[in-house]
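Input: a single structure, listed below in structure tokens.
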Amino acid sequence: MTTPIPPYRLLALDLDGTVLHEDLTVSAEVRSAIADAAASRAAGVVVTLATGRAFDPILGLAQELHITAPLICFQGGLVQHPASREVLLQEYVPPPVAAEAVHFARQKSLKLYLYVDHQVVTEKLCNSGDFYRRWFGQPTYQARDILSIAVSQPVFKFLLVVDPPGAQCVTLKWRDRFQPALQIVRSHAMFVEGGPPDATKGNALAWLARYLGVTQQEVAEYTQGPLATMTTTGLCCNGPVWASPWAMPLTIYRLLPMQAEYTQPAPSIHDDGAAFAIRHFILGADTAHAWCS
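Residue numbers (our numbering): 106 to 398.
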């Protein structure tokens with residue numbers, strides 16, 4: 106017996122390792138599926154982006170994909186409207202905690218980057234310009250004293266660039282040191298991020314759903330990371346956050362109204378997993394049989 110798929114009215118799409126390929130492009134099939142979902146707004150479907158990236162770097166992509174809903178940035182620390190640029194929700198790292206993070210990174214000889222006011226600052230530029238353009242998407246500068254910046258300017262988040270084999274150990278140590286004063290997440294094989302204590306994609310998505318008059322059960326999220334941060338959604342299409350996420354299959358979880366009602370494998374990003382999830386679960390197309398057969 107087939108479980109009926111409920112209507113979803115809000116679709117939140119992550120970027121890295123989910124919608125974006127390794128070369129930061131979106132496939133034609135995924136673009137088409139997103140466009141079809143966005144075109145369904147007349148039927149009550151709203152599409153947004155939910156990412157750890159800053160607002161400015163993803164605005165162009167949102168416009169290309171004809172996404173007009175408020176965008177979730179900085180792992181949930183910012184919700185901003187792409188047309189009016191109105192800030193609807195904004196969280197900052199508390200200055201004393203940001204300063205402590207700078208001290209701790211120095212003690213551990215870790216490369217720390219602060220996201221402040223449309224730019225990224227660090228004490229030493231250790232990577233190429235291409236690296237910063239690809240992963241940060243904002244002007245990245247070397248500053249003589251980022252400690253003074255941490256206490257004098259609003260910090261959206263900070264990011265640690267680490268060697269992948271030791272990234273999980275770094276994540277656990279920073280959680281032990283800073284949670285609950287900060288949200289510490291491993292967002293990529295080589296990235297560990299720290300953000301405001303209440304800034305999660307799940308919290309921001311729940312806020313946006315209320316803002317749009319959408320129930321939690323009507324929210325679908327296509328993302329990567331631990332399910333613990335995603336239990337505010339009715340459906341979660343979840344990919345791995347670490348090694349080779351682009352080639353790994355996705356798992357689809359029906360989270361509400363019953364936790365983990367069922368799970369289902371889905372294609373990887375290489376196989377246009379986002380298009381599969383959108384067409385089957387948002388638009389109701391019968392693509393599951395084609396994938397599973």
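C-beta atoms are modelled at their ideal positions from N, C-alpha and C, and glycine is treated no differently.
Rounded to whole angstroms, how far is the Cβ of residue i from the Cβ of residue j, which I believe are closer than 8 angstroms?
| i | j | result |
| --- | --- | --- |
| residue 282 | residue 209 | 6 angstroms |
| residue 187 | residue 164 | 6 angstroms |
| residue 247 | residue 262 | Incorrect: roughly 19 angstroms between the Cβ atoms, too far for contact. |
| residue 126 | residue 289 | Not a contact, Cβ separation roughly 27 angstroms. |
| residue 270 | residue 287 | Rounded, the Cβ-Cβ distance is 24 angstroms, inconsistent with contact. |
Counting C-beta neighbours from all protein chains within 10 Å, is the total for residue i 16 or more, i.e. buried, or is it exposed?
| i | result |
| --- | --- |
| residue 221 | buried |
| residue 236 | exposed |
| residue 264 | buried |
| residue 316 | exposed |
| residue 341 | buried |
| residue 144 | exposed |
| residue 128 | exposed |
Apart from the five residues just before and just after residue i, which ones in its own chain have a Cβ nearer than 8 angstroms to its Cβ?
| i | result |
| --- | --- |
| residue 153 | 115, 116, 117, 118, 172, 174, 175, 176, 177 and 313 |
| residue 112 | 149 and 323 |
| residue 227 | 216, 217, 218, 219, 245, 246, 247, 248 and 251 |
| residue 256 | 200, 201, 203 and 204 |
Going by DSSP, what residues sit across from residue i in a beta bridge?
| i | result |
| --- | --- |
| residue 293 | 296 |
| residue 184 | 177 and 194 |
| residue 248 | In the DSSP output, where bridge partners are listed per residue, residue 248 has none listed. |
| residue 220 | 225 and 262 |
| residue 152 | 116 |
| residue 125 | 121 |
| residue 322 | Looking at the DSSP assignment, residue 322 forms no beta bridge with any residue, so it has no partner. |
With a CB to CB cut of under 6 angstroms and the five nearest residues on each side skipped, what residues in its chain are close to residue i?
| i | result |
| --- | --- |
| residue 192 | 185 |
Quiz prompt | Contact the region 375 to 385 vs the region 123 to 141: 3+ CB pairs below 8 angstroms | solution = yes
Quiz item: Quick one: any contact between the region 173 to 186 and the region 245 to 252, if contact means 3 or more CB pairs under 8 angstroms?
Solution: no
Quiz item: Are three or more beta carbon pairs between the region 180 to 191 and the region 294 to 301 nearer than 8 angstroms?
Solution: yes
Quiz prompt | Touch test, the region 218 to 233 against the region 302 to 321, Cβ-Cβ under 8 angstroms, three pairs minimum | solution = no
Quiz item: Is the region 232 to 249 touching the region 155 to 163, taking contact as three or more C-beta pairs under 8 angstroms?
Solution: yes
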